[in-house]
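Asks: Can you keep this structure in mind? I'll have questions shortly.
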Amino acid sequence: MFRSLNSEICQKIKVMITRIKELPDNMVGFLATDEVSAKDFIDVVMPEVKKFIKKKDKLNYMLVIETDLSKFTAGAWFQDAMLGVKTLTKWNRAAIVYDSETVQDFTEIFSKIMIGEFKGFDKKDYDTAVKWTSEQIDL
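Pasting the structure below:
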């Protein structure tokens, strides 16, 4: 089961988005905490995704959101969209883990308009999200 980063540590080192290391090697995942900015996506997510695609030639991506969506700046949402555009042909599976039916429904709409499969998961279903994203199971 997923364990939240200690928020006190996150505040001290100003970590807003970090790579989740304990994942199968055929996927890349990130944890968003506190306020997430465009700089977080540019400095953390995009370089990691670029390296991952270079190694694997497809993208299995998971974003775990441990903050209120209002703490994602407009620039962060724009950079997230740019990630989708820049890697359009490489998407395979993408999971958003956040306790919101609206976010989950919105995420799954992308399966109809983008290459790849997109699913939303509740935080309690973190392990299922990892298994699905890493292609261990089909849903």
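Just so we're aligned: 114 in numbering that gives the first Met the number 0 is position 115 of the sequence shown, and the numbers increase by one with no gaps anywhere. Even for Gly, the Cβ is constructed at its ideal location relative to N, Cα and C.
1. Alpha carbon to alpha carbon, how far is residue 50 from residue 115?
2. Enumerate in chain order the residues of its own chain whose CB-to-CB distance from residue 27 is below 8 Å, with the five nearest sequence positions on each side excluded.
3. What residues in its chain sit with their C-beta under 7 Å from that of residue 55, if we drop five residues either side in the sequence?
4. Could you give the distance in angstroms between the alpha-carbon of residue 90 and the alpha-carbon of residue 104?
5. Quick one: give me the first and last residue of the alpha helix (DSSP H) that residue 45 is part of.
6. Rounding to the nearest angstrom, what Cα-Cα distance links residue 129 and residue 23 in this structure?
7. Between the Cα of residue 44 and those of 119, 68, 21, 82, spot the shortest distance and give me the residue it belongs to.
8. I need the DSSP call for residue 115, collapsed to helix, strand or coil.
Replies: Let me spell this out:
1. Residue 50 and residue 115 have their C-alpha atoms spaced approximately 19 Å apart.
2. Contacts found: 18, 47, 48, 51, 58, 59, 60, 61.
3. Cβ contact annotation for residue 55 (same chain, cutoff 7 Å, sequence separation greater than five): 25, in chain order.
4. Residue 90 and residue 104: Cα-Cα distance of roughly 18 Å.
5. In this chain, the alpha helix (DSSP H) harbouring residue 45 covers 45-55.
6. When rounded, the distance between both Cα atoms is 8 Å.
7. Per the C-alpha coordinates, the member of 119, 68, 21, 82 positioned closest to residue 44 is 82.
8. Of the three classes helix, strand and coil, the one that applies to residue 115 here is coil, per DSSP.
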